[in-house]
Amino acid sequence: MNEHGFVKAVHKKLPTNLYRWKIHDSYTSGVPDAMYAGEKAILFAEYKYIPKLPARSTSPVKINLSGLQVLWLNNFVNLGHNVVVIVGTEDRNALILKEKEWDTPILKGEFLEKCIKIKDISDYILGVCTDQQKCIA
């Protein structure tokens, strides 16, 4: 699997009535990969896919956000918007980073403890956009 396949797998689990926009902006760097909108909220998501995690549980997982991506994500969190980084990896596991968690390094052991399945990611997106399960403080 790659990042495109990972995003596609998440989108496949979302209901058709949830608006989703796979953002492709050739003019502005740092813009997240997707926007989701329901009757209650909008969520911006940056997707990253890591095909192979580090060998040691004490090694940091490299998410590889660019400086402009971090700037965009943090600015929109500061404006009060729902913003997440969704990190997919081998074995169809994933981690949702919210509330600027992408600013703090995460070790492989902690990453694996917090991992969820793709269906849970879709449920989270749906919850934020329809049930007002806010991902911001």
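By the count of numbering that gives the first Met the number 0, the sequence shown reaches residue 136 at its end, each step adding exactly one. In this text, a Cβ means the ideal position worked out from N, Cα and C, and glycines have one as well.
Inter-residue Cα distance where the pair is G79 and T57
33 angstroms
Whole-Å CB distance - W101 paired with V60, under 8 angstroms assumed
In fact, because the Cβ distance is near 11 angstroms, the residues do not count as touching under 8 angstroms.
Status (buried if at least 16 other CB within 10 Å, exposed otherwise) for S121:
buried
Simplified DSSP state of Y18, which is helix, strand or coil:
strand
According to DSSP, I62 sits in a beta bridge with which residue or residues?
The partner list for I62 (beta bridge, DSSP) is empty, contrary to what the question assumes.
Would you kindly work out how many angstroms separate the C-alpha atoms of K12 and F5, rounded to a whole number?
11 angstroms
Within 10 angstroms of its Cβ, does T15 collect 16 or more other Cβ (buried), or is it exposed?
exposed
Simplified DSSP state of I124, which is helix, strand or coil:
helix
Span separating the alpha-carbon of L52 from that of H3:
18 angstroms
Work out the CA separation of I49 and R55 for me, nearest whole Å.
15 angstroms
Buried or exposed by the 16-neighbour rule on C-beta atoms within 10 Å, applied to G108:
exposed
Run the CB neighbour count on T27, radius 10 Å, all protein chains shown included, and call it buried at 16 or more, exposed below.
exposed
Whose C-beta lies closer than 6 angstroms to the C-beta of K113 among residues of the same chain, with five residues either side of it excluded?
L94
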